[in-house]
Every structure is written in C-alpha cells, then in structure tokens.
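Remarks on the structure that follows.
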Amino acid sequence: MTLANGTQIPVTVFSGRSNAILLWLPSENGLVPAEFNAAGEISKAGIEVWLADLHTAYFLPVVPSSLQQIPADDVAQLIAAIARSSGKKIYLVSEGNGAALALTAAAALHDDRHGLRGAILLSPNLYVATPEPGEDAQYLPVATATHLPLAILQPELSPWRWHLDQLQVLLNRGGASVAIKLLPKVRDRFYFRDDALPAEQALAPSLPQLIINAYKQLEGNQP
C-alpha cells in the first residue's frame, strides 16, 4: 500500500466477509510465521486480517530499537487509507512493544479516527524502561492518551502481569475502556517461543480463537 508521502508498505491480506478489518502491526520481533498462520485461521471465521510489514517498508532490521524509527504518523496514514479504501471498521492487533506504536498511531488520528474502533494487545509493553523488581513502572505518555476500547491478552507468567492494574488505571484515565483476559501458565510470546513450556505449546494453537473472542468483545461494545 502506498501512502501519500510515497512510502510503500507491504501488506498481506487474508480476506473475510466481516465489516471490519484486523490490522496486525509488528512487534519488536517483526511479524512471525505464527501470526500469519493465525491470520489465515481468523479469516476462515469470516474476519478479514491485514498484516503490515513495517520493517520491510522502512528497510529496518528486526531488532527492538527499529520500532522507534517507524513514524507513527505514517502508521496513522495507513490506518486511514485502509479504512477509506475498504469502507470497513479497523481494529489494531499487536504484541509487546508493538502496542506502543499502535496506540501512538491511533492517538495521531486525534478525534478523527477514520474508522478505527479499537485494539487487541498481547502483553503490551508501554514502559519507558523495563521496571526493576520492587520499583514502580514508568509509562510512555501514550498510556494516558488513548481513547480507544482495548482488549488485552495478558500471559500470567509475564513480568508485565504484575503491573497490569497500574496500566489499566492509566489507560482508563486517558479515556480508554479496557477488557483484560489473563492467560494462565504461559509467558510472553507463548505462541512462537523456541523454548515453549508444555502449557505454551498447548495454548499456541488457540491464538486465532483468542483474537476472535477479543474482536467479538470489542464489536459487542460498539455503539
């Protein structure tokens, strides 16, 4: 997809008959094969999924620092362009550090959301820096600048789980409604870890259904 500024963003589309599109944005790990597989399964349920390869678009390596080099305004343009060309509602999907880029792009749309209706976030990392044990977490400004309905899928064995209540308070303060589902006995990246625990191996195939359920919950809360 080509933006107004000429930037070309490769997008993989899994078509569906739904009146909404799940726009999947990469995390610090890029877009992994398990996410493409999940998108295919989700589309079989009739829900359209687009995956945006932002690392390729900006010729960036798949390393954590690369996400900070992707212009959030360009991602906002992408959201608006997809909504405009498709005529469908947009829900963002991302994992880990990708949540910060997704929400910053959403905030860049300001009051004109261009069809953006919510976001599904897997273990979102909205920290300024990884909090030390026993210290309060410091969050990025976007944590209190988000006005979207959010569905958070949070692994229980993630270190972020212990700051989840604080994050929810900040998101609510900014005007976001937040629904949280805890995923028992699994860690972050449970669906694509090389060192997956038995519980993670068991839950990984359920990722498409977890996303579908979160989408339906957000859709059900729409006016």
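The C-terminal residue of the sequence shown carries number 223 in the UniProt record's numbering, and the numbering is unbroken. Where is the CB? At the ideal position from N, CA and C, for every residue including glycine. Everything numeric in this text was worked out from a predicted model, so none of it was measured.
Worksheet item: With 16 as the cutoff for other CB atoms within 10 Å, does Ala119 come out buried or exposed?
Response: Sequence index remark: in the sequence shown, residue 119 carries index 119 (1-based). Ala119 should be labelled buried.
Item to complete: Check whether the Cβ atoms of Leu23 and Ile79 sit closer than 8 Å, and answer yes or no.
Response: The residue you call residue 23 lines up with position 23 of the sequence shown. The residue you call residue 79 lines up with position 79 of the sequence shown. Contact flag set, yes.
Practice prompt. May I have the straight-line CA-CA distance separating Gly46 from Gly87, to the nearest angstrom?
Written response: As a first step, residue 46 must be located in the sequence shown, where it is residue number 46. As a first step, residue 87 must be located in the sequence shown, where it is residue number 87. Each residue's alpha carbon lies about 16 Å from the other.
Item to complete: Using the Cα positions of Gly16 and Glu41, report the straight-line distance between them to the nearest angstrom.
Response: The count along the sequence shown starts at 1 and reaches residue 16 at position 16. The count along the sequence shown starts at 1 and reaches residue 41 at position 41. Computed Cα separation, rounded: 11 Å.
Discussion item. Looking at Pro155: is its Cβ nearer than 8 Å to the Cβ of Asp188?
Written reply: The residue you call residue 155 lines up with position 155 of the sequence shown. The residue you call residue 188 lines up with position 188 of the sequence shown. Cβ distance < 8 Å, so Pro155 and Asp188 count as in contact.
Fill in: Identified DSSP bridge partners for Glu48
Here residue 48 is taken as the residue at index 48 of the sequence shown, counted from 1. Looking at the DSSP assignment, Glu48 forms a beta bridge with Ile21.
Fill in: Validate contact between the segment 96-104 and the segment 139-148 using beta carbons, cut 8 Å, 3 pairs
Segments in contact, yes.
Worksheet item: Using the C-alpha atoms, what's the distance from Ile90 back to Asp165?
Response: Your numbering for residue 165 matches position 165 in the sequence shown. Your numbering for residue 90 matches position 90 in the sequence shown. Straight-line Cα distance between these residues: approximately 27 Å.
Worksheet entry | Residue from Lys181, Ser27 and Val128 whose Cα sits closest to the Cα of Asp53 | The sequence position of residue 53 within the sequence shown is 53, counting from 1. Of Lys181, Ser27 and Val128, the residue nearest in Cα terms is Ser27.
Worksheet item: Could you give the C-beta distance for Thr146 and Ala108, rounded to a whole number, given that I count them as a contact under 8 Å?
Response: Along the sequence shown, one-based indexing puts residue 146 at 146. Along the sequence shown, one-based indexing puts residue 108 at 108. Actually they do not touch by this definition, with Cβ atoms about 12 Å apart.
Worksheet item: Quick one: any contact between the segment 50-69 and the segment 124-135, if contact means 3 or more CB pairs under 8 Å?
Response: no
Discussion item. At the level of alpha carbons, what is the spacing between Leu197 and Asn221?
Written reply: Locating residue 197 in the sequence shown gives position 197, where the first residue counts as 1. Locating residue 221 in the sequence shown gives position 221, where the first residue counts as 1. The straight-line gap from Cα to Cα measures roughly 34 Å.
Fill in: One or two residues paired with Gly30 in a DSSP bridge
Here residue 30 refers to the residue found at position 30 of the sequence shown. By DSSP's assignment, Gly30 forms a beta bridge with Ser27.
Fill in: Nearest to Glu48 (by Cα), restricted to the options Ala199, Ser66 and Val11
As a working mapping, residue 48 is identified with position 48 in the sequence shown. Of the candidates Ala199, Ser66 and Val11, the one whose C-alpha sits nearest the C-alpha of Glu48 is Val11.
Fill in: Proximal residues to Asp195 (C-beta, below 7 Å), its chain only, five neighbours per side dropped
Position 195 of the sequence shown, counting from 1, holds the residue named residue 195. Once the five neighbours on either side are set aside, Asp195 has no close Cβ partner at all.
Worksheet entry | Option in Ala151, Ser85 and Glu35 with minimal Cα separation from Arg117 | As a first step, residue 117 must be located in the sequence shown, where it is residue number 117. Ala151 is the residue among Ala151, Ser85 and Glu35 whose C-alpha sits nearest the C-alpha of Arg117.
Practice prompt. Could you pull out every unbroken alpha helix (DSSP H) segment of at least 4 residues lying fully inside the segment 144-215, listed in chain order?
Written response: Within the segment 144-215, the complete alpha helix (DSSP H) runs of at least 4 residues are 164-174 and 198-203.
Worksheet item: Which residue comes first and which comes last in the alpha helix (DSSP H) that contains Leu54?
Response: Taking the first residue of the sequence shown as position 1, residue 54 is located at position 54. Start and end: Leu54 to Ala57.
Discussion item. Classify Thr104: buried if its beta carbon has 16 or more other beta carbons within 10 angstroms, exposed otherwise.
Written reply: Looking up residue 104 in the sequence shown gives position 104. Thr104 comes out buried.
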